[in-house]
Amino acid sequence: MSPNPATIDLARAVERWEPVIGLEVHAQCTTRSKMFCGCRADYAGLAPNTNTCPTCLGLPGALPVANGEAIRMTVLTGLALQSQIPPRSKFDRKNYFYPDLPKGYQISQFDLPLCVGGWLEFEVAGVERAVRITRVHLEEDAGKLVHPAELHRADFSLVDLNRAGVPLMEIVGEPDLRSPQEARAYLVALRQLLLYLGVCDGNMEEGSLRCDANISLRPRGTEALGARTEVKNLNSFRILQRALEQEVLRQAARLEAGETLHPETRGWSEAEATTVAQRSKEEADDYRYFPDPDLPPIVLEPAFVDALRGELPELPRARALRLRQTHGLSAEEARQLTQLPGEADYFERTVSAGAPATLAANWQVNELAGLCQRAHRTVESSGLPPERLAALLHLVDSRAVSAPTAKELLAEAIASGADPADLVEVRGLRQVSDEGALAEAVDRSIAAQPKAARDYQAGNDRALGALVGQVMAATRGRADARIVTRLLQARLPRDPGP
Amino acid sequence: MSWLLRPLAEQAAALRTGQVTSTALVEEALGRIAQLDGALGAFLRVTVDLARRQAAEADRRLAVEGEGAPDLCGIPVAIKDVLCTEGVETTAASRILAGFVPPYTATAVRRLAEAGAVSLGKCNCDEFAMGSSTENSAYQLTRNPHAPDRVPGGSSGGSAAAVAAGLAPAALGTDTGGSIRQPAALCGVVGFKPTYGRVSRYGLIAFASSLDQVGPFTRTGGDAARIYRTIAGPDPRDATCSPRPVEDPMPTLELGLEGLRLGVPAEYVASGLEPGVQRVFEAACQRLVAAGAQLEPVSLPSTRYALAAYYVIAPAEASSNLARMDGLRFGPGRPGAVTLREQLEGARHLGFGPEVRRRIMLGTYALSRGYYDAYYRRAQQVRTLVAQDFHRAFAGVDAIIAPTSPTVAFRLGERLSDPLAMYQSDVLTVPFSLAGVPAASVPAGLADGLPVGLQVAAPAFADAHCLRVARGVERALGVAEPPDLARRAAP
Ligand SMILES: [Zn+2]
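Chains as they are written, first to last, in the working numbering: chain A, 1 to 498; chain B, 1001 to 1491.
Following this line, the structure appears as structure tokens:
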């Protein structure tokens, strides 16, 4: 009997055993059409098997024609990952039978992928890491088997080929990751890169970004690799990390019980909150790869590759560095503002529309981001153009509007699409900074809370808050809190200290 | 003489002068099919209604466009059953595709239809074009019009027999290792396999994708040129189809053989020809010289490995191409199957004939891990050597001539139990297929009353030149009069 993995502590396990992890990521390209036919690549919401044609149905006599845009996107991804782009590449057939694979083979790339080598740099808990990239290749997606709930007991499956033939990039990383947390950070960074390149929508829930991991353990301080487990379909950051953690525990327990591990394929079971063995194959797969005779070799002219290199956008890490250097942002602010490609653009447009950089960063990260997330929108689709945010922040900066008022207006702007600076004028929400106008409210506050006034004068700083609060309430939040504080301090002098 | 037995140019001229209508041509063809095809077995399906509709449309078009109408407008043609026709059952002569009605039309067939040609129906062939006698059809035998106890050749035997018997003045076939040229030779008609990549393969049910090519069967070289120029040309639906513009073969077609250097491969005439074939070929050579050609020996040393390489490459590709025949989306499938494995294995076991199964197994084996290098990679290397042989040979000659088949038409059943003997039927045609060059077979004469074909090959994309030489050979040899079965049948 081997010990229950749950009884072994992860921290203890990794003290003795070093995890060796590599990820294989499949990313659907955001092309208009499928990889080898004219059907739409975006099949979301379409009735089953309506997004198909003779080619992606695999009808006899239909032929594939490669989608140049998908090749372009894959090469662009390779360039962003510092890969070599060999001048010649080709498509191969990977032969196997499955009902979701209409031709009985998948068109993929075997020995001459579009992109070879490279690396991806990323950060884990403030530490710089890099994973070497083995290769990036292009292939077609399969269809889907559907088991609707009402058919749960049925003795058949349904096949939906809407997805069959959608271009899929496979990004294979070297086993350079050393912890589940690192694996997660790598996948986050890779997704961020794909979003910056605009080659994948990164939606893991809907399967446009999918991840398989291989993991083995070895005694710390040793080099030889242990028997590795392949864990399939880790389709969220959370599941990736949890599945790998469970796998570390499971393998460590087996190894500590003196067992010899064998290579196997496992999958994540949400119900059991652990990985479970998948049906093991009696013999090694033989996909009988051979060059697809329907598709001529791909020749990538150096001029084409150079032109693509020129099209590379500023990538997240370079962008974060530039935001720090140009706008004086903190590392954390820069990191937050470069998570999605549109965010840094939005920030810079806000700044160029006149908002102070630190204020703009602060408001975008701490206020706008949260509002957008709750509304299931991005800053770009928030309905608030950066120019309007800049106008509002200008009012905040010049103390014409108080921060609490500005926050409320921002929320309203996201909800209704209104221009917050307009609302300030229409509703007369300009902050009251006129000392004469505030003096009366200050006096009333002192008169109403004599104890607080005395406490403050006796040295209790916190008592001032109650006095300020009453003035703010009386002015419906429009009073400039800084001026109110100064007026109160002037009215309630303290004894000079010894 | 029946209009159907005359050259296409004469039929086209008669259609324009009103001497004959497309409807009359088509009715005559349908009549001959009704009269003769029961015994011959050339057609799997005769699309009578479609043919009549297309003929009526062609007649309207001829009336409106007159001389401006395409030269094939109103001409009846027959189509090998591996070429998809929208709305018409297309089976590749296999049970596994019984009932398959494609929702699209093969590019070559579509181009004929757009030119106004009238499709009579689908011709029998070996199942998935695998065979050299048409005996591998899951549905019926096709007999040689010259000798009903003999095969028409294959795999496009139905198309060859239909043209030879005058059921259609022209037919489309496909050639992977000789499937147009060998049946053309055995049936005494002209067959032309264009350069690989010259005619779109879109809608052609694939046997071996890197070798398959669509081409015509006709009674004359000129007719072959007319069909060829109509079906050839770039097609965005086939990535292996060349974007080069097509050279019109008609202007150079009648230039003859005067001064041309014709290479005769030493390896071909030395080995294994039937004495009758040898005699006809030698006699033909003398007449070509008399017509002004200069014969020169050429060497194609890798030829001796070509057949072996072909029977690795073609089955390997076929094993993958036929994987889509799983009975799930088309075909009768496997009624009553419970598990996926039962469904797949059942559909394929019931659906494929023995030769197709044999080639799938051969091909699967050749691609398997551990064997790939020894078989598939090796065979591709041989293919490169064969292509280099031709490249070298064509540097010194204008065209290469050779017998098309080492034998005349053999008896039905004679080679059915001996696959290797059957594979030998392709020994003289396969090298040209591996090299991808254009090659025609032209009737060269009779041996013991049975047709012998002479093969003419030219460099890749010199299809117009190949047709010119084929036409020159045809003129030098005199076109053998094909048997008029209608006359024979009705004394
Ligand atoms: Zn499609």
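From the three backbone atoms N, C-alpha and C, an ideal C-beta is built for every residue, glycine too.
Residue j beta carbon less than 9 Å from that of residue i
i          : j          : result
B/Leu-1172 : B/Ile-1075 : no
B/Leu-1260 : B/Pro-1315 : no
A/Arg-218  : A/Asp-176  : no
A/Trp-17   : A/Val-248  : yes
B/Glu-1119 : B/Phe-1410 : One point to set straight first is that residue 1119 of chain B is Ser, not Glu, in the sequence displayed. Not a contact, by the Cβ cut-off of 9 Å.
A/Ala-509  : A/Leu-145  : Because residue 509 of chain A is not part of the residues shown, which for chain A are 1 to 498, the question remains open.
B/Lys-1193 : B/Ser-1433 : yes
B/Val-1189 : B/Ala-1225 : no
A/Thr-358  : A/Val-199  : no
A/Ile-215  : A/Pro-19   : yes
A/Val-424  : A/Val-471  : no
B/Leu-1008 : B/Asp-1223 : yes
A/Leu-240  : A/Leu-190  : no
A/Leu-340  : A/Ile-414  : no
A/Ala-474  : A/Gln-431  : no
A/Leu-168  : A/Glu-140  : yes
B/Asp-1389 : B/Leu-1262 : no
B/Glu-1355 : B/Glu-1067 : no
B/Ala-1291 : B/Gly-1472 : yes
Local Cβ density within 10 Å of residue i, reported as buried at 16 or more and exposed below that
i          : result
A/Pro-293  : buried
B/Gly-1178 : buried
B/Gly-1018 : exposed
A/Gly-258  : exposed
B/Ala-1113 : buried
A/Asn-366  : exposed
A/Glu-282  : With a pLDDT of 46 at A/Glu-282, under the threshold of 50, the modelled position of that residue is not reliable, and the figure given next carries that caveat. So A/Glu-282 counts as exposed.
A/Phe-156  : exposed
B/Asp-1463 : buried
B/Asn-1144 : buried
A/Leu-493  : Reading off the sequence shown, one finds Pro at residue 493 of chain A, where the question assumed Leu. Exposed.
A/Ala-307  : exposed
A/Thr-275  : buried
B/Ala-1490 : Caution applies to B/Ala-1490, whose pLDDT of 39 falls short of 50 and renders its modelled position unreliable; the value that the coordinates give is listed next. Looking at its Cβ environment, which holds fewer than 16 other Cβ atoms inside 10 Å, B/Ala-1490 is exposed.
A/Met-1    : Residue confidence for A/Met-1 is low, a pLDDT of 42 falling below 50, so the modelled location carries little weight and cannot support an answer.
Proximity test, residue i beta-carbon vs ligand 3 heavy atom, cut-off 8 Å
i         : result
A/Asp-286 : In terms of ligand content, the structure shown lacks ligand 3 and carries ligand 1 instead.
Inset, instruction - Please list, following the chain, all residues that have a C-beta closer than 6 Å to any non-hydrogen atom of ligand 1. - result: A/Lys-34, A/Cys-37, A/Cys-39, A/Thr-52, A/Cys-53, A/Thr-55, A/Cys-56, A/Gly-165
Legend entry - Stretch pair the stretch 1160-1174 of chain B + the stretch 1431-1450 of chain B: three plus CB contacts closer than 8 Å: no
Legend entry - Segment contact, 8 Å Cβ cut-off, at least three pairs: the stretch 202-221 of chain A with the stretch 87-106 of chain A: no
Inset, instruction - Inspect the CB distances between the stretch 1409-1427 of chain B and the stretch 1363-1371 of chain B and report whether three or more fall short of 8 Å. - result: no
Legend entry - Interface positions of the stretch 96-108 of chain A facing chain B (Cβ-Cβ less than 7 Å), listed along the chain: Phe-97, Pro-99, Pro-102, Lys-103, Gly-104, Tyr-105
Legend entry - Sufficient close CB pairs (3 or more, under 8 Å) joining the stretch 1317-1324 of chain B to the stretch 1350-1366 of chain B: yes
Inset, instruction - Would you be able to state if there are at least three C-beta pairs under 8 Å between the stretch 43-59 of chain A and the stretch 76-84 of chain A? - result: no
Legend entry - Segment contact flag, the stretch 153-171 of chain A with the stretch 49-61 of chain A, C-beta cutoff 8 Å, min 3 pairs: yes
Inset, instruction - Select from the stretch 1186-1212 of chain B all residues with a C-beta closer than 8 Å to any C-beta belonging to chain A, and list them in chain order. - result: Arg-1201, Tyr-1202, Gly-1203, Leu-1204, Ile-1205, Ala-1206, Ala-1208, Ser-1209, Ser-1210
Inset, instruction - Report yes or no: do the stretch 1090-1103 of chain B and the stretch 1214-1222 of chain B share at least 3 C-beta pairs separated by less than 8 Å? - result: no
Legend entry - the stretch 137-150 of chain A: positions lying closer than 9 Å to chain B by Cβ: none
Inset, instruction - Could you tell me whether the stretch 1001-1019 of chain B touches the stretch 476-487 of chain A, where touching means 3 or more Cβ pairs closer than 8 Å? - result: no
Legend entry - Cβ-based contacts, 8 Å cut-off: residues of the stretch 1113-1139 of chain B near chain A: none
Inset, instruction - Specify whether the stretch 55-65 of chain A and the stretch 179-186 of chain A touch according to this definition: at least 3 beta carbon pairs, one from each stretch, less than 8 Å apart. - result: no
Legend entry - Residues from the stretch 56-70 of chain A in contact with chain B, defined by Cβ distance under 8 Å: Leu-57, Gly-58, Leu-59, Pro-60, Gly-61, Ala-62, Leu-63, Pro-64, Val-65, Ala-66
Inset, instruction - May I ask you to list, following chain order, the residues of the stretch 1009-1032 of chain B that have a beta carbon less than 9 Å from some beta carbon of chain A? - result: none
Inset, instruction - Give a yes or no on contact between the stretch 1047-1062 of chain B and the stretch 1022-1030 of chain B, applying the rule of three or more CB pairs nearer than 8 Å. - result: yes
Inset, instruction - Could you run through the stretch 1300-1316 of chain B and flag, in chain order, every residue whose CB is less than 8 Å away from some CB of chain A? - result: Ala-1316
Inset, instruction - Could you name the residues of the stretch 1359-1374 of chain B whose beta carbon sits closer than 8 Å to any beta carbon of chain A, in the order they occur along the chain? - result: Thr-1364, Leu-1367, Ser-1368, Arg-1369, Tyr-1372
Inset, instruction - Answer yes if the stretch 1240-1255 of chain B comes into contact with the stretch 1191-1205 of chain B, meaning at least three C-beta pairs across the two stretches below 8 Å, and no otherwise. - result: yes
Legend entry - contact_flag[the stretch 1036-1050 of chain B, the stretch 1138-1154 of chain B] where n(CB pairs < 8 Å) is 3 or more: yes
Inset, instruction - Mind checking the stretch 13-34 of chain A against chain B and listing, in chain order, the residues whose C-beta falls within less than 7 Å of any C-beta there? - result: none
Inset, instruction - For the stretch 462-470 of chain A and the stretch 439-454 of chain A, state whether three or more C-beta atom pairs, one from each stretch, are separated by less than 8 Å. - result: yes
Legend entry - Near-chain B residues of the stretch 286-305 of chain A - C-beta to any C-beta below 7 Å: Asp-286, Arg-288, Phe-290, Pro-293, Asp-294, Leu-295, Pro-296
Inset, instruction - Scan the stretch 1375-1393 of chain B for residues whose Cβ lies nearer than 8 Å to a Cβ of chain A and list them as they occur along the chain. - result: Tyr-1376
Legend entry - Proximal residues, the stretch 1217-1242 of chain B versus chain A, C-beta separation under 8 Å: Pro-1236, Arg-1237, Asp-1238, Ala-1239, Thr-1240
Legend entry - Residues of the stretch 1151-1174 of chain B whose Cβ lies closer than 8 Å to any Cβ of chain A, in chain order: none
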